[in-house]
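Q: Dropping the structure in here first, questions after.
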Amino acid sequence: MHSLFYHVSFRSCVRTATLATKPGPSVSPPLCPPRFPMCLGDTCTASLEPHGSPPPPHIAMCRFHFGHYVSVTCADACSWAGGRDPHPGKSRGSPQLEGEAGRLPPPPPPPPWLLEGGREGGRAGKGKRGRGRPGRVATPPSLVSSALPAAKYPAIKALMRPDPRLKWTVLGLVLAQLLACWLVRGLAWRWLLFWAYAFGGCVNHSLTLAIHDISHNAAFGTGRAARNRWLAVFANLPVGVPYAASFKKYHVDHHRYLGGDGLDVDVPTRLEGWLFCTPARKLLWLALQPLFYSLRPLCVHPKAVTRMEVLNALVQLAADAAIFALWGLKPVVYLLASTLLGLGLHPISGHFVAEHYMFLKGHETYSYYGPLNWITFNVGYHVEHHDFPSIPGCNLPLVRKIAPEYYDHLPQHHSWVKVLWDFVLEDSLGPYARVKRVCKLAEERL
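Going by numbering that gives the first Met the number 0, the sequence shown opens with residue 0, and the numbers climb by one from there.
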C-alpha cells in the first residue's frame, strides 16, 4: 500500500497538476484531466510534498481513492461560491503541466442561476458555517462546469418546472403493488419470491427513484414543499420500511458535498472498502446494498430524527399493519422482499455503481442512456442531473439534446448489468473506487 500526495496552489482553480512518486521530477500521465477536480478557472501550479507534510493552512485537502490500494490527496481550495484564490500571488509550485492537459481551453463560466443558488445546493450553509468561504467545498463542483452558451440559458431554465405526470405515475405504481399484494396472498413461497424479484423489485426500485425525484420538489415545485413530502410518503408505502423522509434529509448533502468525507453518506466506509475487496465479497456487498444504504448514515453522519421521519414511520407501519390484517403475512413479505431484492443484486441496481464509481481515473460521475431509464425516471442521466438537480427526470434528456457538445463526449455506461459484472470481477474496482473529499465542514463537525 502506498500513497501519493500533492499540494496545489491556485491562481483561479485546478486545471492540471503534476504528479510525482517522490519530491523531484514529475512523471506522467497527469491525474487531472478536464473537470477533475472540476472547479472553475483555467490555471494552476502544483508541487509535490513528501508523505506526511502538512498542507498549507489555506488548503482544504481532498482524498481521491483509486482501486483498493492507491490514494491520491489533492488540494481543492476553489470555493464554488467564492470562486477566487484565497491567497493570490502566493504560488509555491512548479509551472503548469505541459502537454495535452496543459493545452485545454478554460471552461466557460457557469450559468448565473447556479452560482447565485437555488434551494438545492446553490449556496453553502448559513450561520456559523458561512457561505462558501475560500478553502471550503461549499457546493460540489459541476461535472461539466454547469456552463452552457448564453443563447441556451432560457431553454435550460424552461426545463426547471414540476413534472405534472409524476404524481399520476406514482399512483399507478402504488396501485400496481397493492394489486400484486392481493394476487400473491395464496402463492407458494418460491413463486412469491420469484415475483418479488421479477416484478416487485422493478416496481419498488422505481418508486425509490420516484422518491428521489420528489425530493428535488419535482412533483409540485419548491413552493409546495409539503405536498412533495407527503407524495414521497405515499410513494414509500409499497417499499415496506420508512425511507422517504430520511432520504430527503441526506440526499441534500450528496448534492452539496459530493464525496464529502463524513457528509456524503453514499460513499462507502473504510470498513466496507477493506472488507469487500474480492469478487465473492463484492457480490455479497451488492446483494446487501439496501442494508448498507440504510445503516451507513447512522454510522457516518448521524442526524437528529425529524418530525417528518416520525410521521413517515407511523404511516408506513399503519400501512403494513393494514395489509397484514387484510391479506395476511405473505403480501407483507412480498413487499419487503421486493425492496431487498430489487435494490440488491438486480439489473436496475447497477445505477448505484454506475453513477459515481471511478471506472476511469479522473471521471467521477457517469451517465447511462439506455432503455432502463424508462422505468427509473431517467436517473441514468446522472451527469445532467448533478448539473441541474432542479430539472425533473422527465426533462433530463432534453438537457443533453440542447447541449450535446457538453455531454456526448463524456465517458458513459451502456449497460448496468455490465457495470455490475465489471465491478465484481475487476480488481481495480470496489467500494474504494470513489472520489472522497475532506470538506472543512466535516473537519469542524469532527
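In this text, a Cβ means the ideal position worked out from N, Cα and C, and glycines have one as well.
Under the rule that 16 or more other beta-carbon atoms within 10 Å means buried, what is W373, buried or exposed?
A: The residue is exposed, with fewer than 16 neighbouring Cβ atoms inside 10 Å.
Q: Could you check the C-alpha separation between R436 and A197 for me, to the nearest Å?
A: Spanning the two alpha carbons is a distance of roughly 38 Å.
Q: Taking 8 Å as the cut-off, does the region 392 to 411 touch the region 157 to 175 (at least 3 CB pairs, one atom from each stretch)?
A: With the cut-off at 8 Å, the region 157 to 175 and the region 392 to 411 touch.
Q: Please name the residue, chosen from I390, L409, M307, that lies closest to P241 on a Cα-to-Cα basis.
A: For the residues I390, L409, M307, the minimum Cα distance to P241 belongs to M307.
Q: Out of L335, G429, V183, H413, point me to the one whose CA is closest to Y356's CA.
A: Closest by alpha carbon: G429.
Q: Quick one: what's Q411 bridged to in DSSP?
A: Partner(s): S366.
Q: Touch check for the region 174 to 190 and the region 331 to 340: three-plus C-beta pairs under 8 Å?
A: Yes, since at least three Cβ pairs between the region 174 to 190 and the region 331 to 340 fall closer than 8 Å, the two stretches touch.
Q: Is it the case that the Cβ atoms of L285 and L344 are separated by a distance below 7 Å?
A: Yes.
Q: DSSP state of E425, grouped into three classes?
A: Here E425 sits in coil by DSSP.
Q: Would you report the Cα separation of P289 and T207, rounded to the nearest angstrom?
A: Whole-angstrom Cα-Cα distance: 11 Å.
Q: Using DSSP with H/G/I as helix, E/B as strand and the rest coil, what is Y242?
A: Coil, per DSSP.
Q: Could you tell me whether the Cβ atoms of I210 and A231 are closer together than 7 Å?
A: A contact, by the Cβ cut-off of 7 Å.
Q: Rank R223, L339, V382 by C-alpha distance to the C-alpha of A353 and give the top, closest one.
A: Among R223, L339, V382, the Cα nearest to that of A353 belongs to V382.
Q: Decide yes or no for the touch test of the region 287 to 306 against the region 249 to 263: beta carbon pairs closer than 8 Å, at least 3 of them.
A: Taking 8 Å as the limit for Cβ pairs, the verdict is that the region 249 to 263 does touch the region 287 to 306.
Q: If you follow the alpha helix (DSSP H) that A179 is part of, which residue opens it and which one closes it?
A: First-last of the alpha helix (DSSP H) with A179: 165 to 183.
Q: Go through its chain and collect everything with a Cβ distance to A312's Cβ below 7 Å, but skip five positions before and after it.
A: These residues qualify, in order along the chain: P241.
Q: Taking Cβ to Cβ, would you say F376 is nearer than 7 Å to D252?
A: The answer is no: Cβ separation not under 7 Å.
Q: Which residue from W420, Y365, R164 puts its Cα closest to that of Y405?
A: The shortest C-alpha separation from Y405 is found at Y365.
Q: Please say whether H204 and L515 have beta carbons closer to each other than 7 Å?
A: Here the chain comprises residues numbered 0 to 445, so residue 515 is not present and cannot be evaluated.
Q: Pop quiz: R164 and C393 are said to be a contact at Cβ under 8 Å. What is the actual Cβ separation, rounded to whole angstroms?
A: Confirmed, Cβ separation roughly 7 Å.
Q: CB-CB under 6 Å to V169, same chain, minus the five flanking residues each way: which ones, in chain order?
A: Excluding residues within five positions, the ones whose Cβ falls inside 6 Å are A209, A234.
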